[in-house]
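A short worksheet on the structure shown next.
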Amino acid sequence: MNHTSDEHEWFRRSRRGDPAFADFYHWVDGDPGEPPNNWTSAFGGSAWSYDDEREAWYLHLFDEKQPDLDWRNPAVREEIHEMMDWWLRKGVDGFRMDVINLISKADGYPDGEPGGWVGAEHFVDGPDVLPRLEAMAERVLDPHDAVSVGECVAVDLAAADDYVGPDAPLDTLFHFDHMDLDDHPEAGWWGVADWDLRELKAAFDRWEDGLAGPTAVYLGNHDQPRIVSRFGDDGRYRRQSATLLATFLLTMPGIPFCYQGDELGMSNYPWSSLSELRDAEAVNRVELALSDGRVDDFEAAREVVRYRTRDNARTPMQWDDSPNAGFTTGEPWLPVNPDYTEVNAEAARGDPDSVYRHYRRLIALRHDHDALAGGEYVPLTPDHPTVWAYDRVGADERLRVVLNWADEPTAAPVDVTGERLIENYELTDRLQPYEARIHRHGGGL
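Sequence positions in the sequence shown follow the numbering used here and run 71 to 515.
Here it is as structure tokens:
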């Protein structure tokens with residue numbers, strides 16, 4: 071809803087100057103060699119591109135093929151509302167709305183302060199974003215009782231309460247506090263910082279305590295690396311860490327989001343050349359780094375690209391061990407992960423100990439226990455460096471979740487006795503590498 075493709079009919083007609091669509095995007099006249107301001111794209115480089123047909127600059131906060139819509143135009147808002155209404159009448163239950171807190175830009179396009187995402191103070195949580203979302207809720211979302219999930223870039227808790235809560239327009243939102251833990255303070259995208267489990271706990275606990283509405287519980291999506299490669303171990307302990315992450319996602323308070331392929335334990339792809347990539351962000355950043363001499367060749371950038379690129383989450387779904395993992399008989403636009411002969415849906419369905427089977431058991435457990443679906447969350451080990459333990463407390467039971475995020479056996483820092491409900495190891499006195507267990511604690515309340 072923030073942007074369309076430059077191949078969309080609206081943009082084609084807008085660049086031609088069609089009166090009905092001329093003001094659908096952010097167009098600024100000016101010298102072809104001088105962008106309207108210093109705003110930068112999230113993918114690197116200027117946020118403005120000059121269009122020879124219109125003879126004007128257009129704004130794109132992301133790729134140049136993703137021009138931003140101008141929500142100041144009431145015709146844009148009405149078209150968006152009609153599109154949403156059309157889908158809701160078709161029977162969809164709601165929307166996940168991409169970078170929805172960027173739809174309002176400051177009038178006049180003032181220059182941004184240098185550093186980071188230049189201009190962000192003029193388009194993140196912009197001046198009219200809340201009235202626009204409130205109008206959307208009144209016009210479309212509320213009449214259909216539709217679910218609304220907003221992806222909110224650079225949002226903090228103070229702003230988030232305006233978006234989510236009893237009288238706010240959205241049901242929940244995706245924030246990025248835990249996604250940014252491995253960002254390097256100086257190198258940014260180009261550096262990978264070590265993250266600490268205590269920081270991850272603090273980020274989730276902060277949002278659980280502070281947000282007026284339910285939190286969105288996620289570790290990955292189409293814009294992030296595979297969760298087992300980022301937060302677990304995609305080698306020796308792939309199954310164990312993937313099932314630990316599943317246990318975390320489906321036992322934390324809030325609304326869990328599981329991204330396709332994570333239920334199989336799919337991992338990052340071993341990228342070896344720039345030509346394999348389709349991710350506009352990664353390609354843009356590497357090409358800019360090559361042009362300004364920051365890196366000499368792809369080999370110099372390969373490790374960070376392997377870690378960062380969004381294409382990790384976009385490789386073909388691994389259905390079986392046939393060519394192209396059963397995804398297509400043609401040529402897929404991204405390569406298939408070479409581990410597909412072992413990591414695939416067909417094999418997972420036939421293995422009672424697979425990651426997939428663990429997800430199914432967890433989902434059933436969540437349906438059967440109100441303490442998991444909506445009970446109180448009581449953190450037990452906020453300062454432990456490797457174990458995340460917490461209780462989920464319902465009206466008539468207390469369930470204890472114990473997760474060892476280390477790749478080595480660890481002494482349990484909390485009581486782990488009681489009726490066990492699910493685990494990814496046979497229970498022992500010590501927590502095993504990436505062990506996850508849930509049990510009833512204390513015989514009820």
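C-beta: ideal position from N, C-alpha, C; glycine also.
query                                                                                                              : result
Alpha-carbon to alpha-carbon, residue 323 and residue 444                                                          : 7 Å
Between the CA atoms of residue 509 and residue 433 - distance to the nearest angstrom                             : 15 Å
Residue 368 in three-state terms, based on DSSP                                                                    : helix
Collapsed DSSP secondary structure at residue 515 in the structure displayed                                       : Summary for residue 515: the model assigns pLDDT 44, below 50, so the residue's position carries little reliability, and this model does not support an answer.
Contact the region 449-467 vs the region 260-280: 3+ CB pairs below 8 Å                                            : yes
Buried versus exposed, by CB contacts within 10 Å (16 or more), residue 271                                        : buried
C-alpha gap between residue 499 and residue 342, whole angstroms                                                   : 43 Å
Continuous beta strand (DSSP E) stretch holding residue 117: start and end                                         : It is not in any beta strand (DSSP E) - residue 117 carries neither H nor E in the DSSP assignment.
Host alpha helix (DSSP H) of residue 450 (start-end)                                                               : Unbroken run through residue 450: none, as it is neither H nor E.
Assigned secondary structure, residue 107 (DSSP; H/G/I helix, E/B strand, else coil)                               : coil
Cβ-Cβ separation, residue 124 to residue 85 (assumed contact under 8 Å), whole Å                                   : 5 Å
At least 3 beta-carbon pairs within less than 8 Å: the region 201-212 vs the region 234-254                        : yes
Status (buried if at least 16 other CB within 10 Å, exposed otherwise) for residue 366                             : exposed
Sub-8 Å separation of residue 217 and residue 163 beta-carbons                                                     : yes
Residue 450 vs residue 318 beta-carbon contact at 8 Å                                                              : no
Backbone secondary structure at residue 154 - three-state DSSP                                                     : helix
Cβ-Cβ distance between residue 355 and residue 114 below 8 Å                                                       : yes
Counted within 10 angstroms of its Cβ, other Cβ atoms place residue 159 as buried (16 or more) or exposed          : exposed
Residue 487, buried or exposed, once every other Cβ within 10 Å from all chains shown has been counted against 16  : exposed
Distance, residue 138 Cα to residue 82 Cα                                                                          : 13 Å
Minimum C-alpha distance to residue 476 - residue among 220, 390, 280 and 504                                      : 504
Length of the line joining the Cα atoms of residue 151 and residue 391                                             : 43 Å
Short Cβ contact (8 Å threshold) for residue 331 with residue 283                                                  : no
Which listed residue (387, 221, 75 and 251) has its alpha carbon closest to that of residue 243                    : 221
Where the alpha helix (DSSP H) containing residue 426 begins and where it ends                                     : 425-438
Coarse secondary structure for residue 95, derived from DSSP in three states                                       : strand
Outcome for residue 153 when other beta-carbon atoms lying within 10 angstroms are tallied against a minimum of 16 : exposed
Euclidean distance between Cα positions of residue 206 and residue 155                                             : 10 Å
Coarse secondary structure for residue 218, derived from DSSP in three states                                      : strand
C-beta contact flag for residue 120 and residue 102 at 8 Å                                                         : yes
Residue 498 (DSSP reduced to helix, strand or coil)                                                                : coil
Exposure label - residue 399; buried when at least 16 CB within 10 Å                                               : exposed
Among 511, 227 and 118, nearest to residue 100 - alpha-carbon criterion                                            : 118
For residue 378, the nearest candidate out of 73, 250 and 464 (CA to CA)                                           : 250
Boundaries (first-last residue) of the beta strand (DSSP E) holding residue 261                                    : 258-262
Span separating the alpha-carbon of residue 397 from that of residue 190                                           : 39 Å
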